[in-house]
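Here our numbering is used: the first residue of the sequence shown is -10, the next is one more, and so on. Beta carbons: idealized from backbone N, C-alpha and C, even for Gly. Here is the structure we will look at, set down as structure tokens.
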Amino acid sequence: MKTLQRTLTIVKPDAVRKNAVGDIIEQFEKNSFRILAMKMLEINKHQAEQFYAVHASRPFYHSLTEFMSSGPIVVLALEKENAIADLRELMGATNPAGAKEGTIRKKWGSSIEHNAIHGS
């Protein structure tokens, strides 16, 4: 049985710089996600550190928080049945090199960190 779910996603600074926001939103809509809220903003290093606090002990934490505070991001709240699993499928593997064709990360990502999109 499918359950209506809500999920958060962030279009990362690399994808914003590449003017990929419209294409990514189009992918959400083509895949039947309902956009509940959307906002473009910039976060500072402290805010990025708080958001990614779960990764504080990981070796990539400093570079990730630097990157996420390096420019505008677009935060979206999405809704659909099985939203969490479907968003993960649409985003693709964390490393764009291993992501399936047609996924957001395959198309717009360039590295594990600069992979266009965050989903949770």
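Using 10 angstroms around the beta-carbon of residue i, count the other beta-carbons present and answer buried if the total reaches 16, otherwise exposed.
{"i": "residue 93", "result": "buried"}
{"i": "residue 54", "result": "buried"}
{"i": "residue 79", "result": "buried"}
{"i": "residue 0", "result": "buried"}
{"i": "residue 48", "result": "exposed"}
{"i": "residue 29", "result": "exposed"}
Just grab the DSSP bridge partners of residue i for me.
{"i": "residue 108", "result": "-2"}
Return helix, strand or coil for residue i, following the three-state DSSP convention.
{"i": "residue 26", "result": "strand"}
Segments assigned beta strand (DSSP E), at least 3 residues, entirely inside the stretch 29 to 100: 62 to 70, all fully within the stretch 29 to 100.
Meets three-Cβ-pair contact criterion under 8 angstroms: the stretch -4 to 15 and the stretch 84 to 104: These segments touch.
Segment contact, 8 angstroms Cβ cut-off, at least three pairs: the stretch 14 to 25 with the stretch 33 to 41: As far as the Cβ criterion goes, the stretch 14 to 25 does not touch the stretch 33 to 41, which means the pair count is below three.
Cβ contact (3+ pairs, closer than 8 angstroms) linking the stretch 58 to 75 and the stretch -7 to 0: Taking 8 angstroms as the limit for Cβ pairs, the verdict is that the stretch -7 to 0 does touch the stretch 58 to 75.
Inter-stretch contact (C-beta, 8 angstroms, three-pair minimum) for the stretch 59 to 70 and the stretch 17 to 25: Contact holds: three or more Cβ-Cβ distances are below 8 angstroms.
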